[in-house]
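Residue numbers (this note's numbering): 1 to 170.
Single-structure report; data block below.
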């Protein structure tokens, strides 16, 4: 598995700022919506890039299909990036701010357009509907054990990306 394009905590900061814009600065993003947005961005980006490579489509990129390298775990309310969960809970995401305008240049513009487009769709869905949708994913089902007290089994990135690359539409 390759290196991620960014740290999930940086992406989480970006997501939280975009959600504030989306809500006209009236709301802060919930931890559930933040986690599901991270997960679906990871899954859809990975699936999109993998599918385009497999099908030898017109779309060509040297960008990794791994959006971030941070661990994703199967928790009760769906997939969670623990590092982001704890940083957000403790109010520490601000320290992961970086200049996305500098980051999203050249070939990475497709990444920004993809992230922004997916985020807008996710923001419109209620938190627990997002939980329900994530519970339909086989990769979460295969790694969530309701008997495990902590529910912190890692979901392999390859499984997430493979599942989303097999979908009819992303």
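Note that CB positions come from ideal geometry on N, CA and C, so glycine has one too.
Under DSSP, the alpha helix (DSSP H) around residue i begins and ends at which residues?
i           : result
residue 131 : 127 to 135
residue 19  : 8 to 22
residue 138 : 138 to 143
Would you identify the three-state DSSP class for residue i, choosing helix, strand or coil?
i           : result
residue 118 : helix
residue 170 : Residue placement at residue 170 cannot be trusted, given a pLDDT of 49 that sits under 50; what the coordinates show is reported in the next sentence. Reduced to three states, the DSSP call for residue 170 is coil.
residue 154 : strand
residue 73  : strand
residue 47  : helix
residue 165 : helix
residue 123 : helix
residue 104 : coil
residue 40  : helix
residue 197 : Past the boundaries of the shown model lies residue 197; the chain is included only from 1 to 170, so the question cannot be answered.
residue 98  : coil
residue 110 : helix
residue 93  : helix
Please state whether the Cβ-Cβ distance between residue i and residue j is less than 7 Å.
i           : j           : result
residue 97  : residue 22  : no
residue 119 : residue 68  : no
residue 8   : residue 70  : yes
residue 80  : residue 151 : no
residue 122 : residue 40  : yes
residue 139 : residue 159 : yes
residue 31  : residue 50  : no
residue 144 : residue 43  : no
Classify residue i as buried or exposed, calling it buried when 16 or more other Cβ atoms lie within 10 Å of its own Cβ.
i           : result
residue 63  : exposed
residue 78  : buried
residue 128 : exposed
residue 102 : exposed
residue 134 : buried
residue 256 : The question about residue 256 has no answer here: the residues shown for the chain are numbered 1 through 170.
residue 154 : exposed
residue 55  : exposed
Would you list the one or two residues that DSSP bridges to residue i?
i          : result
residue 78 : 75
residue 68 : 6
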